[in-house]
Structure formats: C-alpha cells, structure tokens
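Protein chains in written order, with full-length UniProt numbering: chain A, 1 to 539; chain B, 1 to 539.
Note that CB positions come from ideal geometry on N, CA and C, so glycine has one too.
First the structure, in the form of structure tokens, and then the observations on it.
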C-alpha cells in the first residue's frame with residue numbers, strides 16, 4: 001500500500017516535472033521569437049518563494065501538483081518523516097536509495113507548516129549525542145598531555161599520542177550530528193544536491209521568521225557541506241551560447257535577476273557577437289548553471305545599460321578593449337552566503353584574457369539596489385522636526401536648484417520634500433523634466449557616493465552589490481547618471497549605476513584590505529564626490 | 001634569489017614533465033604499431049615505487065630530474081619546508097598560490113630521507129592545539145545538559161542550546177589539525193589533488209616501514225578528505241576508445257596492472273569491437289583516469305584470458321549476452337583504500353545494460369594473486385617434520401596421480417615435494433607435460449577453492465582481488481584451469497583464474513552479508529570443490 005502510494009506520487013511528480021519543464025521546447029522557442037517571454041511559472045520556482053507564500057503560489061500555478069498539495073492529508077507527514085528516518089538510519093543501499101527518493105519527492109508535497117515541522121524535527125531529533133560527546137571529553141581530559149620538551153622520547157610518547165589520536169577521532173565522529181549522514185547520502189544520490197539546496201532555501205526562509213538555535217546549527221552544517229561539495233574544483237565553466245539547448249537557455253531567462261530578458265531577440269543579442277555568457281555548472285545538477293555572468297565586450301567602460309543591451313550594433317570583437325560584467329545571477333537561493341561569484345569572475349577573467357589579449361579593462365556595470373531605500377529613510381529622518389542628530393542632506397546651492405527646477409509644480413516646499421516626492425513618484429514622471437533631472441543630478445550623485453562609500457553594516461558596505469564586488473577585490477570606479485531608465489533601475493537607485501573595476505594586479509590586495517579593515521578603494525573620479533560631500537559637512 | 005631558484009626549478013620541472021609526457025605522441029603511436037610497448041619509465045611512475053627505491057629508480061631513469069635530485073643540496077629542504085609553512089599560515093591568495101606551487105614542485109626534488117622528514121614535520125608540528133581543545137572541553141562540561149523532558153520549554157532552553165552549539169562548533173574547528181588547511185588549499189589549487197594523492201602514496205610507503213601514530217593520523221585525515229573530494233558525484237565516467245588522445249591511451253598502457261598490454265595491436269583490440277574500456281575521471285586530474293575497467297562482450301562467461309585477449313575474432317556485439325570484466329586497474333597508489341572500483345562497476349553495469357539490453361550476465365575473469373604464495377607456505381609447513389598441526393593437503397588418489405605423472409623425473413619423492421617443485425620451477429616447465437598438468441588439476445583446483453573460500457584475514461577473504469569483488473557484492477562463480485598461461489598468471493596462481501559473478505538483484509544483499517558476517521556466496525559448481533575438500537578432512 002505504501003509502495004503503491006509512493007508509486008502514484010512518483011507518477012504525479014514526474015507528470016508535474018514534465019508539465020513544467022515542457023513549458024518551452026525548441027519549437028516553442030521559434031514561436032516565442034515574436035512574443036514576450038515570461039519567467040517560468042511560480043510553482044516551478046517555488047523554492048525561491050517564501051515558505052508562507054508557497055501554498056498560495058502553488059494554487060495560483062495551474063498544474064497537477066497544486067491539487068495534490070492541497071489534498072494531501074496530514075497522514076502523509078508521518079510517511080515522509082519515516083522515509084527521512086530510514087534514509088539516515090539504514091545501511092542497506094537499496095533501502096536508502098528508495099528512502100531518499102521518497103523523502104525528497106514527498107517533502108515537496110508537504111504544506112509549509114509540515115515542512116517547518118520536518119526541518120525542526122531534523123534539527124532537534126537528529127542532532128548529536130551529547131552524553132557520548134562528554135564521555136569522550138572526560139577520557140581526553142584524563143590523559144596526561146605529553147610535554148613539548150620530550151620530543152622523540154620514544155615508545156611511551158608514541159603510545160600516549162596514539163590514545164589522543166584515537167579519542168580525538170572518536171570525538172570528531174561524535175560531534176557530527178546525525179543529519180550529516182542524510183546530507184552526505186543525498187549528495188551522492190541523483191538529484192540530491194539540488195534537493196539539499198532547496199531544503200536550505202526553506203531553512204533560510206524559516207530563519208528569517210524565527211530564531212531557533214538548533215535550526216541555525218542545521219543551517220550552518222548544511223552550508224559548510226555545500227561549500228565543500230561546490231568547491232571550484234568541482235564546478236565547470238561553460239560558455240553559454242545560442243547553440244545551447246533551449247532547456248538551458250530557458251533557465252537563463254528565468255533566473256536572470258539583474259536585467260530581465262524581455263524577449264528572444266534580447267536573449268540572442270546577449271549570446272551573440274561582442275557578448276559572452278558564462279555559467280558555473282555542477283555535474284550533479286546538469287542543464288542548469290548555479291550562477292552565471294553576462295559580459296559585454298566594448299571599446300570603453302559602459303556608462304548606461306542602454307548601450308549594452310539595446311544600442312546597435314555591438315562593435316566587432318577585435319576592437320574591444322573592455323570586458324563589462326553587466327549582470328551576475330545566482331540561480332539557487334539555497335546557496336545564499338556561498339560566494340561562487342568570486343571564483344566565477346576569476347575564471348571568466350582568465351578565459352577572456354586568454355582568448356582576447358586585447359582586452360585590458362575588466363569592469364562591471366552594476367545596479368545600486370539599496371540606494372533609493374536608504375535615501376528615503378534619510379529624507380524621512382531629515383524631515384522629522386526636533387531630531388537632534390538631523391543630517392544635513394542638501395547644500396544651499398542644491399536646495400536652490402531643486403526649488404527652481406520644480407517651480408510651478410506641486411512637488412513640495414523644500415528641497416527635501418521635492419526629493420521625497422521625486423523618489424516616491426509612481427511613474428517616475430521627473431525623468432520627463434530636463435530641469436528636474438539636471439537639478440537632481442548633483443545631490444543624488446554626491447549622496448550616492450556617500451551611500452556606497454560610508455554606509456556600513458558590520459564594517460562592510462551596506463549595499464549588497466557593492467559588498468559583493470568589494471569583497472571580490474574590485475574598486476569603485478565611476479558613478480553613471482541616468483544609466484538605467486528601466487522601472488527597476490529608477491526604483492532601485494533613481495537610475496544611477498556604478499562601475500566596479502577589477503584591476504588584475506590589485507584584486508587580492510584590495511580584497512584583503514576590504515576584508516580586514518573594511519577599506520574601500522575607489523577612483524579619483526569617484527572620490528571627488530566624497531570630497532564634495534565632506535566639504536559640505538565642514539560648512 | 002629564492003624566486004630565481006624557484007623559476008629555475010619550475011623550468012627544470014616543466015622540462016622533466018615534457019620529456020616524460022613526450023614519450024609518445026600520435027606519430028610515435030603509428031611507429032610503435034610495429035614495436036613492442038613498454039610502460040612509462042620508472043621515474044614517471046616514481047610515486048608508485050617505494051620511497052627507498054626512489055633514488056635508485058630516479059638514477060636508472062635517464063632524464064633531467066634524476067640529476068637534479070641527486071645534486072640538490074640539503075639547504076633546499078628548508079626552502080621547501082618554508083613554502084609548506086606559508087601555504088598553510090598565510091591568508092593572501094597570491095602568496096598562498098606561489099607557496100603551493102613551490103611546495104608541490106620542490107617536494108618532488110627532495111631525497112627520500114627529506115620527504116620523510118617533511119611528512120613527519122607536517123604530521124607532528126601542524127597537528128592540533130590540544131590546550132585549546134581541552135579548554136573548550138572544560139567549557140562544555142561546565143554547562144548543564146538540558147533535560148530531555150523539558151522539550152520546547154522556551155527561551156531558556158534555546159539559550160542553553162545556543163551555548164552548546166557555539167562550543168561544539170569551536171571544538172570541531174579546534175579538532176581540525178592545521179595540516180587540513182594545506183590539504184584543502186591544495187585541493188582547489190591546479191594540480192593539487194594529484195599532488196595530494198602522490199603525497200599519500202609516500203605516506204603509505206613510510207607507514208609500511210615505520211609505525212608512527214602522528215603519521216597514521218596524518219594518513220587517516222588525508223584519506224578522509226580524499227574520499228570526500230573523490231565522491232562518485234565528482235567523478236565522470238568516460239568510455240575510452242581508439243579515438244582518444246594518445247596521451248590518454250599511453251596512460252592506459254602504463255597503468256594496466258592485470259594483463260600488461262604488449263603492443264598497440266593488443267591495445268587497439270581492447271578498445272575495438274566487442275570490447276569496452278571505461279575510466280573514472282576527476283575534473284581536477286584531466287587526461288588520466290583514476291581507475292579504469294576493461295570489458296569483453298561475449299557469448300559465454302570466458303574461461304581463459306586467451307579467448308578474451310588473443311583468440312580471433314571477437315563476436316559481433318548483438319550476439320553477446322555476457323559482459324566480462326577482465327581487468328580493473330587503479331592508477332593512483334595514493335588512493336589505496338578508497339574503493340572507487342565499486343562505484344565504477346556499478347556505473348559500468350548501468351551503462352552497458354542501457355546500451356545493450358541483450359547483455360544479461362555480468363562477470364569477471366579475475367586473477368588469484370595470492371594463491372601460489374599461500375600454497376607454498378602450506379606446502380612448507382606440511383613438509384616440516386614434527387609439526388603437530390600438520391594439515392593434510394593431498395588425498396591419497398591425488399598423491400598417487402602426482403607420483404605417477406612425475407615418474408622418471410627428479411621432481412621429488414612425495415606429492416608435496418612434487419607440488420613444491422612445480423610451483424617454484426622458474427620457467428613453469430610442468431605446463432609442457434600433459435600428464436603433470438592433468439595430475440595437478442584436481443588438488444590445485446580443490447585447494448584453490450579452499451584458499452578463496454576459507455582463508456580469511458580479519459573476517460575477510462585473504463585474497464585481495466577476491467576481497468575486492470566480494471565486498472562489491474559479487475559471488476564466486478567458477479574456477480578455470482589453465483586460464484592464464486602467461487608468466488604472471490602461472491606465477492600468481494599456477495594459471496588458475498576465477499569468475500566472480502555480479503547478479504544484479506543480489507549485489508547489495510551479498511555485499512552486506514559479506515561486510516557484516518564475512519559470508520561468501522558461491523555457485524554450486526564452486527561449492528563442489530569445497531565439499532570435496534571437507535570430505536577429505538572427514539576421512
């Protein structure tokens with residue numbers, strides 16, 4: 001009965017996978033050349049959505065699994081839990097294989113509440129045996145430490161060392177929580193590595209809501225394992241081209257997180273002449289990069305995303321002297337905190353340098369995702385009357401220029417108010433007023449430099465993209481005004497973008513200085529904004 | 001100066017690698033079609049030879065490095081040691097990379113004595129900090145274990161668990177010997193994984209001669225790391241064919257350990273119709289399988305190596321119903337004790353079954369490498385007068401047949417003596433006497449069955465090849481008389497070979513029964529020898 005049930009799950013699961021993965025095939029690609037592309041259905045990317053949203057998104061997604069998920073009775077929880085248990089505690093490979101299949105398939109059909117229960121049970125009940133750990137500790141403490149002086153004193157020394165090594169080996173073993181067995185077995189099981197990444201995505205979602213020590217320990221163990229298994233030595237760099245299978249290109253479309261791919265002509269251009277797309281693949285997760293980066297080969301460091309994505313035509317490659325990394329996307333939320341991007345950039349730089357010795361500048365064209373939000377909080381606290389620590393945001397000349405530019409509109413009675421209204425305008429109407437655009441430029445660029453350079457969180461840049469490139473060893477190069485006029489770009493950073501520069505001789509030193517002292521390197525061009533900013537403060 | 005020196009090393013090292021790897025190229029292959037092939041020079045495979053043979057074999061091998069090795073002054077030791085130290089203790093990637101290069105290149109130029117010193121220094125001086133470990137143990141023991149009853153008792157519980165998790169995490173960290181950092185860094189360094197395997201080969205050689213606890217601990221840590229890094233998920237199965245690069249085929253010739261490849265026609269046949277060769281590759285060790293297996297597709301389970309390697313012609317593949325694994329060779333002595341073969345066989349069975357559904361029997365044709373040696377010791381102790389526990393080796397009818405067959409020769413005055421002389425004859429002259437061959441058959445086959453089935457070491461089959469296949473889940477199928485008449489086959493097992501059968505439904509059960517109880521499964525055909533043998537004892 002249980003086997004029959006599991007078979008029927010398997011069938012439905014396969015059907016589900018078929019339905020979602022058949023969303024686009026090669027024929028479909030040709031048809032879609034004329035239509036606008038959408039990312040994969042929310043259900044497919046369900047592991048990306050918050051646990052508590054999952055039920056909803058599964059119901060929204062119109063396919064087989066959503067029905068199952070809502071119909072699954074509570075009883076199934078114990079079945080999935082049982083398969084999890086035997087996957088860890090049995091030693092017969094055949095049984096383990098079946099249990100791993102049943103667990104990883106069953107897990108996806110659990111309700112968010114039951115997933116939560118399952119993960120908590122894993123964290124708490126499959127932890128380590130502390131009594132045994134303490135027994136070994138006592139044995140260790142009972143031994144006499146060999147004195148450092150008596151080196152090579154012969155057999156007695158060797159004998160006592162033997163005892164240390166034996167207890168320490170046992171202790172290492174005892175300090176391994178039982179759930180590590182599950183992780184290790186999943187890692188060598190087909191589809192298991194991907195499943196582990198999905199599980200971790202769920203754990204991270206939970207930890208966003210609740211702070212449970214055992215769950216945090218579960219996460220840190222899983223993360224450590226994933227770091228080992230996803231070491232660069234195990235990853236393969238692949239130059240993704242238009243000749244790759246549609247099933248792979250579909251993933252690129254779905255996972256592109258920085259500049260969404262709007263149609264297939266857009267995609268084809270990103271894989272065509274003067275462009276590169278490199279992905280990092282793991283043999284156990286075929287047909288899907290863990291992370292990928294898009295590169296434009298250009299004459300100069302790009303100042304707008306427009307010229308990278310849309311302006312025609314790309315220059316011929318032998319004229320290019322700059323490689324611009326204009327998008328880097330992780331596909332697995334469960335690999336959060338595992339910096340694959342650093343190694344990817346390193347490998348890509350090597351490959352590009354080898355292929356095209358004429359390329360001598362490696363830089364990004366990056367969004368500044370946290371800038372607008374930070375500005376809003378600054379403006380809000382600046383507006384608060386009576387705040388003793390009110391920051392001076394606008395210089396008098398900036399204030400005046402803003403008021404002049406907004407004259408006659410109802411944008412506000414102070415520069416701060418104008419900026420607030422501009423940044424919160426729904427359709428970014430300000431971009432249609434050359435006067436406003438011009439008046440905003442000076443304060444917005446100056447404050448953006450302050451945001452990138454001075455705003456820290458635990459000693460690191462507050463902006464997540466800045467932190468990513470700085471920890472990889474880049475320096476801040478140039479701020480670009482009106483560089484991304486898309487809805488997203490205007491919403492994130494009022495259209496400002498930044499170039500981070502990877503100077504090949506300095507990457508390691510910069511990374512170290514940032515890591516150890518939080519030191520941020522920047523170009524003189526960029527520093528002039530900061531000097532401006534400091535000048536204001538000294539007033 | 002040091003840099004210049006290191007550069008000069010690098011040059012000589014590269015030259016050395018060039019000289020050895022240039023032994024054969026494609027042009028060379030064509031020429032060699034007419035000549036007899038030899039394995040690569042001993043120096044190339046120096047990591048396979050015992051440490052104390054290394055100096056000699058390096059001097060024998062007529063190439064660049066041997067001169068260097070003997071000319072290198074003692075001073076260099078401290079240089080290599082220093083690079084080893086900075087490879088572990090620095091955090092600047094660039095310095096680490098240079099140090100890793102210098103260490104791994106320098107290490108190979110050390111004399112055996114200095115390698116020994118280096119490994120011992122690594123094992124002893126880069127061990128763990130026991131004082132710190134004990135401090136953490138005391139902290140742990142000072143904490144009150146939470147009572148099992150008070151589940152979910154709230155914040156207090158969580159707080160105390162947090163403390164446990166924190167100390168345990170620190171303790172795990174403190175229990176990691178410092179040399180693990182070196183291993184981990186080498187693993188992600190180009191060429192490092194191969195170097196680690198070479199280092200382990202040296203450690204294993206040393207441990208064959210001396211029993212030092214810290215060296216054993218070093219080995220067990222390194223082995224554990226290698227097991228993780230070489231997990232099947234990280235290995236790629238490749239069907240090696242005549243279309244593969246000569247540099248790869250050269251490795252197959254060099255590493256074939258069971259039935260040496262005598263010339264290129266032999267090699268071509270092994271890669272041709274009715275034959276397969278599969279290798280397991282790691283991305284970090286390109287162009288060289290870690291282990292490979294040779295398969296013959298046949299109508300029946302092969303009874304002699306002659307029909308596999310030489311009899312003409314191979315049948316067409318669609319007529320085949322048996323896949324015969326007739327050779328499996330590990331290429332890395334440093335991976336000893338890491339059973340890659342088990343997974344390789346599993347994968348190969350899957351691939352062959354999928355490709356050719358008509359194949360329904362999977363069996364080996366295997367040597368019995370320990371049989372003759374075991375027989376000699378049995379014969380010797382049987383000859384010893386006055387031994388109280390003298391085993392009865394020959395039955396009266398066997399004794400008579402042997403004496404009749406040897407009549408007139410000077411082979412001895414008893415069956416035991418005849419057997420001794422037969423087994424120690426230098427040129428195996430007995431194989432030219434049909435009478436002797438016939439008279440030897442019954443006792444030799446019966447005792448061989450006893451050897452395979454009954455002779456155990458720590459509960460496992462004494463014969464290494466038997467132990468390998470039994471632990472993988474095979475059963476003993478059939479003994480084959482006069483199955484390998486080569487010098488090697490006659491010397492190892494008087495020409496007897498055995499088929500181990502992989503019955504796909506039973507592999508796991510058999511492996512478990514062997515693992516847990518030392519139970520050896522065998523065919524009724526094979527068991528009849530054992531019943532014969534027992535019958536004799538009951539006399």
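Please list, in chain order, all residues of the same chain as residue 552 of chain B whose beta carbon is under 6 Å from its beta carbon, the five residues on each side excluded.
Here chain B covers residues 1 to 539 and nothing more, so residue 552 of chain B does not appear.
What are the uninterrupted segments assigned as beta strand (DSSP E) that are 3 or more residues long and contained completely in the stretch 119-189 of chain B, given in chain order?
Listed in chain order, nothing qualifies, since the stretch 119-189 of chain B has no complete beta strand (DSSP E) run of 3 or more residues.
Determine the extent of the alpha helix (DSSP H) in which residue 221 of chain B is found, giving its start and end residues.
213-229 is the extent of the alpha helix (DSSP H) around residue 221 of chain B.
Starting from residue 168 of chain B, find everything on chain A with Cβ-Cβ shorter than 7 Å and list it in chain order.
Chain A residues near residue 168 of chain B: 175.
Could you check whether residue 393 of chain A and residue 423 of chain A sit closer than 8 Å to each other, using their CB atoms as the reference points?
Going by C-beta atoms, residue 423 of chain A is not nearer than 8 Å to residue 393 of chain A.
Would you call residue 446 of chain B buried or exposed, if buried means 16 or more other Cβ atoms sit within 10 Å of its Cβ?
With 16 or more Cβ atoms within 10 Å of its Cβ, residue 446 of chain B is classed as buried.
Using a Cβ cut-off of 8 Å, which residues of the stretch 212-242 of chain B contact any Cβ in chain A, in chain order?
Within the stretch 212-242 of chain B, the qualifying residues are 212, 213, 214, 216, 217, 220, 228, 229, 231, 232, 233, 234 and 236.
Return the Cβ separation of residue 472 of chain B and residue 342 of chain B in integer angstroms, given the expectation that the two are a contact with Cβ distance under 8 Å.
At roughly 5 Å, the Cβ-Cβ gap stays under 8 Å, so residue 472 of chain B and residue 342 of chain B are in contact.
To the nearest angstrom, how far is the alpha carbon of residue 170 of chain B from that of residue 216 of chain B?
Each residue's Cα considered, the two are about 25 Å apart.
Just to confirm, is the Cβ distance from residue 428 of chain A to residue 490 of chain A under 8 Å?
Yes, these two residues count as a Cβ contact at 8 Å.
Report the option in A:76, A:289 and A:93 whose CA atom is closest to the CA atom of residue 512 of chain B.
Among A:76, A:289 and A:93, the Cα nearest to that of residue 512 of chain B belongs to A:93.
Check residue 335 of chain A in the structure and name its three-state DSSP category.
The answer is helix: DSSP assigns residue 335 of chain A an H, G or I state.
Would you verify that the beta carbon of residue 284 of chain B is, or is not, closer than 8 Å to some beta carbon of chain A?
Output row for residue 284 of chain B: interface = yes.
Going by C-alpha to C-alpha distance, which of B:480, B:194, B:504 and B:502 sits closest to residue 496 of chain B?
Per the Cα distances, B:480.
Mind checking which residues open and close the beta strand (DSSP E) that includes residue 364 of chain B?
Taken as a continuous stretch (DSSP letters only), the beta strand (DSSP E) holding residue 364 of chain B covers 361-364.
I want to see whether chain B comes within less than 8 Å of residue 94 of chain A, judged by CB atoms only; does it?
Chain B, which has a Cβ nearer than 8 Å to the Cβ of residue 94 of chain A, makes this yes.
Label residue 242 of chain B either buried or exposed according to how many other C-beta atoms from any shown protein chain fall within 10 Å of its C-beta, with 16 as the threshold for buried.
Answer is exposed; the Cβ neighbour count stays below 16.
Could you please tell me which residues of the stretch 127-141 of chain A, in chain order, have their CB closer than 8 Å to any CB of chain B?
Residues 128, 130, 131, 133, 134, 137, 138, 140 and 141.
Report the start-end ranges of each beta strand (DSSP E) in the stretch 422-490 of chain B that is 3 residues or longer and not cut off at the edges.
List check, beta strand (DSSP E) in window: 475-480.
Give the residues of chain B in contact with residue 517 of chain A, contact being defined as C-beta atoms less than 7 Å apart.
Per Cβ cutoff of 7 Å: no residues; residue 517 of chain A is ~13 Å from chain B at best.
Beta carbon of residue 177 of chain A, beta carbon of residue 140 of chain A: below 8 Å?
Not closer than 8 Å, so no.
Determine whether the beta carbon atoms of residue 358 of chain B and residue 303 of chain B lie at a separation below 8 Å.
Taking 8 Å as the Cβ cut-off, residue 358 of chain B and residue 303 of chain B do not qualify as a contacting pair.
Could you check the C-alpha separation between residue 530 of chain B and residue 449 of chain B for me, to the nearest Å?
Each residue's Cα considered, the two are about 6 Å apart.
Out of B:285, B:291 and B:224, point me to the one whose CA is closest to residue 255 of chain B's CA.
Nearest C-alpha to residue 255 of chain B: B:291.
Check each candidate in B:214, B:502, B:203 and B:400 and name the one with the smallest Cα separation from residue 128 of chain B.
Comparing Cα positions, the closest option is B:214.
Taking Cβ-Cβ distances shorter than 8 Å, what residues in chain B pair up with residue 90 of chain A?
What residue 90 of chain A touches in chain B: nothing, since even the nearest Cβ is about 11 Å away.
Take every Cβ of the stretch 292-299 of chain B, pair it with every Cβ of the stretch 225-233 of chain B, and state whether three or more of those distances are shorter than 8 Å.
No, they do not touch.
Straight-line CA distance for residue 124 of chain A to residue 91 of chain A?
Rounded to the nearest angstrom, the two C-alpha atoms are 22 Å apart.
From residue 374 of chain B to residue 203 of chain A, what distance separates their C-alpha atoms?
Whole-angstrom Cα-Cα distance: 58 Å.
Could you work out which residues of chain A lie near residue 512 of chain B, taking near to mean beta carbons separated by less than 7 Å?
92, listed in chain order.
With DSSP collapsed to three states, give me the class of residue 271 of chain A.
Reduced to three states, the DSSP call for residue 271 of chain A is coil.
How many Å lie between residue 522 of chain B and residue 477 of chain B at the Cα?
The straight-line gap from Cα to Cα measures roughly 6 Å.
Here's the rule I'm using: 16 or more other beta-carbon atoms within 10 Å means buried, otherwise exposed. How should residue 279 of chain A be labelled?
By the neighbour-count rule (16 or more Cβ atoms within 10 Å), residue 279 of chain A is buried.
Less than 8 Å between the C-beta atoms of residue 613 of chain A and residue 250 of chain A, yes or no?
Here chain A comprises residues numbered 1 to 539, so residue 613 of chain A is not present and cannot be evaluated.
Helix, strand or coil: how does DSSP classify residue 53 of chain B here?
Low local confidence applies: a pLDDT of 36 at residue 53 of chain B is under 50, so the model's placement there is unreliable, with the coordinate-based value given in what follows. Three-state DSSP puts residue 53 of chain B in a helix.
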